[in-house]
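The numbering used here applies: residue 106 is where the sequence shown begins, and numbers increase by one.
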Amino acid sequence: MVSEVSSEVESSSGVLVTAINLGSTVEKSLINLTASLYANPHISRNAVQTVMEGIGSFSRTYNENVISLIRDGSYDRSVLIEILKASQGYISKLDSDHKRLKIFEEKGTYIPAKEILLGTMCEYDRKNGFHSVPYSMQIIQMTLVLQNVFAKYDLAKDTLEHVRRLQSFDEPITNIMQGKVWKDKLRTLDSSDHLIHLPIVLFYDDFEISNPLGSHAGIHKIGGVYISLPFLPKKLFSLLENIYILALFHTSDRNKFGNKMVFNKVIDELNALSERGIPLSSSAFTGIIKFHVVAIAGDNLGLNGMLGFVESFIATKYCRICTASKDEVQSMFQEDTSKLRTLTSYYEDLALKDPRNTGIKTECVWFKLRGFDLFDNVSVDFVHDYLEGICRYAMNFLLIYLVHESKLISFQALESRIVQFSYGPDSGTKPSNALVKEGSKCRFKTSASEMCTLVRYFGLIVGSEVPSDDNVWTLFMSLRQILDELLTDRVHASKTAFLTHLIEDFLGTFCKVTKSGIKPKFHFLVHYPQMFLKFGPLTQVWTMRFEAKHQFSKIAARATKSRINITKTLAARNQLSLNYRFLAQNPTVFFTTGKRKPVLQSSNMWRELSQKKNIPFSDFHLFSTVPRFDFEGITLKVSDIVTTDLCIEAGKPLFARILSILVDNRDEIYLHCQSFTTHYFDSHYHAYLVTTDDTSCIVIKTTELYSIVPNTLTTLLGHTFVTLRSSID
């Protein structure tokens, strides 16, 4: 008996030692793997964390299944050995890049790019002498991508509800689907119960994947063609992941082989979406969805190049929208409809073969796109025209005037004010290093988003030093007012006349004050009022969001040293990212909060809030407070300023400061706020003068707010101002 017990103890000890040794071996292997990941400069620490979490998840899933079999006791040792061997087989199926991509492709979630041969050229090098070099581009089958998008995420229900809501009213125009261009196009298309037509926006731009200031600048400049889906609900449309790559190519190849060779296959893919569409079978809709290009977006260089216009502004008629000459635009402060380009005038100018005068270099290849109109389906470039063009010219003139000519403020004082100013919700685009001194002169150097922030708050930053009747300051106030109008997300047809007047006044003031002529980007502004009627809010077609999409390709390019067929590498990385989305099917989170803290019945907050009529008191014990919450890309925090309502008679928005944020068990958000009294709009500072009302506190649901976009509170010379960051009717 003693010997049997001793034998069991020895056996148990042996198993324990084996388990410890095995654990030590596995631990050592994992430590070495982790160290090798950290040692690779192309892999970030965040990526290492993701890999280790993935290994942990796999290990837990596998171990739980094996342990379950062992505990069941119905399997003998040989079966467990076979199970372990099988697991090795699963791993071997994924032990090479080729095998992994093949599995993804078989699942239908990885849609590889198609390589299109553009042509070949005879080149010479010492090693190979004269030899033929192929040039190619990458194109994505967008029909397969959109099939996956709709199938994997069951978008039909939300999309159709959103489209019906947009079709239920004409004004304000909040989406491109309510604009004149899409409405006109829709009238020409067939309709049935089993056919839906939806708009897409096409974007083209060139971007550098190497150091733009380095010796290889321009050699690896990539042309990217993207599409976005403006028919998606706003919460989905705003996501960067819902901008999709359609084609990638070397910019130099477009110069070598021309627009026709590069864009032909892109046009074929878009025509397939328009003519055949994609089949869809879901609970909300069964039938065919066809997609049509409603607008082509891009910067002026990209748009002019892809459309066959002269890319620079050297032509006499440099505008792609009208035929006004350089001399004529100097006194053209409103759009002259008699000078708008038409198909007839276009072909007459093309026949002249005089690009320097007409502005037309080659015939536009996009006429092959089904339903395309060169003068209706091309948008304007708000980011480069206004923020990086007009604002930069005007603000630099204003800067020189304030610092050097009028000496109303010193360079150091202005620099200090810009740095120390509280930008509130816009602090992420704070123009901290905006001021640059070059010898005795100074200028602003900012990104587009920083310029937007600078112009938005410049009145509050420096306005206290400037007399209200200053002529140059009048120029700035016009610039500031136009910015608000261009950023609007609610377009009223009646307000386009007001915008036309603002632009006319601004251009006239600019010429008078600066004593200089109208530059090309200033001229483009006269066409903006009509663009609002065509496309609705211009922020839906501006380049800022699309250019952010370049970042993924730039990061992927930095992760590899090779530049051989780099477009294929980048296309594959983008499609692998999409592959993960389709495989994981993780629901997009549109609502998150900070740490929840229950509201206690004994607290002062309980006693105060229980008296508010619009809080369901019977459920009050289910409330918690949170420091912040995120909803559809917008973050609200305690102390933020919200727009609660609009006083129709006075035309003044009503504001309140968030004291606490409450969330109930249904995830409904209530804001406990201190109200402000709005006195008037101060045009000198371009902000509303308000005072706090310590006795007036309200509780309001976020769904009842006039706007959920937070505003900026500024205290200046003993007064309190609120800068509005969203549109009001």
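Where a beta carbon is used, it is the ideal one built from N, C-alpha and C, also for glycine.
For residue i versus residue j, is the C-beta distance shorter than 9 Å?
i: ARG701; j: VAL804; result: no
i: PHE730; j: ILE766; result: Reading off the sequence, residue 730 comes out as Thr, not Phe. It is a contact, given that the beta carbons lie within the stated cut-off.
i: ILE332; j: GLN645; result: no
i: GLY224; j: PHE354; result: no
i: ASP311; j: LEU406; result: yes
i: ALA389; j: LEU265; result: yes
i: LYS742; j: PRO815; result: yes
i: PHE760; j: TYR793; result: yes
i: LEU46; j: GLU374; result: Since the first residue of the chain shown is 106 and the last is 834, residue 46 is not available in this structure.
i: HIS632; j: GLU380; result: no
i: PHE687; j: THR130; result: no
i: THR807; j: LEU776; result: yes
i: LYS219; j: ILE208; result: no
i: HIS203; j: ILE671; result: no
i: THR697; j: PHE734; result: yes
i: GLN243; j: ALA664; result: no
i: TYR790; j: LEU588; result: no
i: ASP481; j: ASP289; result: yes
i: LEU849; j: THR740; result: Absent from the structure is residue 849, since the part of the chain shown begins at 106 and ends at 834.
i: LEU604; j: GLU590; result: yes
i: CYS469; j: HIS509; result: no
i: LYS659; j: ILE148; result: no
i: CYS496; j: VAL560; result: yes
i: VAL268; j: ASP404; result: no
i: LYS142; j: GLN252; result: In the sequence on display, residue 142 carries Leu and not Lys. Their beta carbons are not under 9 Å apart, which means LEU142 does not touch GLN252 by this criterion.
i: THR783; j: CYS752; result: yes
Please work out which residues of its chain come closer than 6 Å, Cβ to Cβ, to residue i, disregarding the five sequence neighbours upstream and downstream, and give them in chain order.
i: THR820; result: none
i: ARG584; result: Note that residue 584 corresponds to Leu in the displayed sequence, not to Arg. ALA499.
i: SER832; result: THR593, ASP594, ARG595
i: LEU727; result: ASP769, ASN770
i: GLY529; result: THR817
i: GLU570; result: LEU513, ILE514
i: ILE426; result: HIS632
May I ask you to check if the CB of residue i is nearer than 8 Å to at least one heavy atom of the ligand PLP?
i: PRO460; result: Absent from the structure shown: the ligand PLP. Ligands present: none.
In chain order, what residues of the same chain have a beta carbon less than 7 Å from the beta carbon of residue i, not counting five sequence neighbours either side?
i: SER116; result: Only weak support exists for where SER116 lies, its pLDDT of 46 falling under 50; the value from the coordinates is given anyway. Correct list: empty, nothing qualifies.
i: TYR229; result: PHE235
i: CYS302; result: The sequence given here has His at residue 302, not Cys. Around HIS302: LEU291, LEU294, LYS395, HIS397.
i: PRO304; result: ILE281, MET282, TRP287, PRO335, PHE336, HIS397, VAL399
i: PRO239; result: LEU222, THR225
i: ALA377; result: THR248
i: PHE410; result: At residue 410 the sequence reads Gly, which differs from the Phe that was named. Same-chain partners within the cutoff: GLU416.
Can you list, in chain order, the residues of its chain whose CB lies under 8 Å from that of residue i, leaving out five sequence neighbours each side?
i: THR467; result: GLY363, ASN364, GLY413
i: PHE657; result: ARG678, ASN679, SER682
i: HIS824; result: LEU794
Can you check DSSP and say which residues form a bridge with residue i?
i: PRO758; result: LEU751
i: CYS802; result: GLN779
i: LEU872; result: Outside the shown range of the chain (106 to 834) lies residue 872, about which nothing can therefore be said.
i: PHE235; result: TYR229
i: HIS397; result: PRO304
i: MET242; result: ILE221
i: ILE332; result: LEU307, TYR349
i: PRO642; result: According to DSSP, which records beta bridges pairwise, PRO642 is partnered with nothing at all.
i: LEU821; result: HIS824
i: PHE786; result: TYR793
i: ALA676; result: ALA676 pairs with nothing; no bridge assigned.
i: SER729; result: PRO703, VAL768
i: LYS326; result: GLU313
Is there a C-beta anywhere in chain B that falls below 9 Å from the one on residue i?
i: LYS806; result: The chain inventory of the structure shown lacks chain B, comprising one protein chain alone.
Notebook entry, point to check: If you scan the segment 471-534 from start to end, which runs of the alpha helix (DSSP H) of 4 or more residues do you find wholly inside it?
Noted result: 496-505, 516-525
Note to self: Going residue by residue through the segment 255-319, where are the continuous alpha helix (DSSP H) segments of at least 4 residues, counting only ones entirely within it?
What the structure shows: 261-272, 285-292
Notebook entry, point to check: Should the segment 487-504 be called in touch with the segment 554-568, which here means at least 3 C-beta pairs below 8 Å?
Noted result: yes
Notebook entry, point to check: Which runs of the beta strand (DSSP E), 3 residues or longer, sit entirely within the segment 535-581?
Noted result: 540-543, 546-549
Notebook entry, point to check: So does the segment 437-451 actually touch the segment 340-354, counting three or more Cβ pairs closer than 8 Å?
Noted result: The count of Cβ pairs closer than 8 Å, one atom from the segment 437-451 and one from the segment 340-354, stays below three, leaving the stretches out of contact.
Notebook entry, point to check: Of all the alpha helix (DSSP H) runs that stay within the bounds of the segment 576-623, which reach a length of 4 or more residues?
Noted result: 576-591, 601-619
Check: Any contact of the segment 631-639 with the segment 585-598, i.e. 3+ C-beta pairs under 8 Å?
Finding: yes
Check: Using 8 Å as the threshold, is the segment 600-613 in touch with the segment 622-634, meaning 3 or more CB pairs across them?
Finding: As far as the Cβ criterion goes, the segment 600-613 touches the segment 622-634, which means the pair count is three or higher.
Notebook entry, point to check: Below 8 Å, can you find three or more Cβ-Cβ pairs linking the segment 418-428 to the segment 462-481?
Noted result: yes
Next item on the list: Only counting runs of 4 or more residues, tell me where the alpha helix (DSSP H) segments fall wholly within the segment 409-479, in order along the chain.
Entry: 448-457, 460-463
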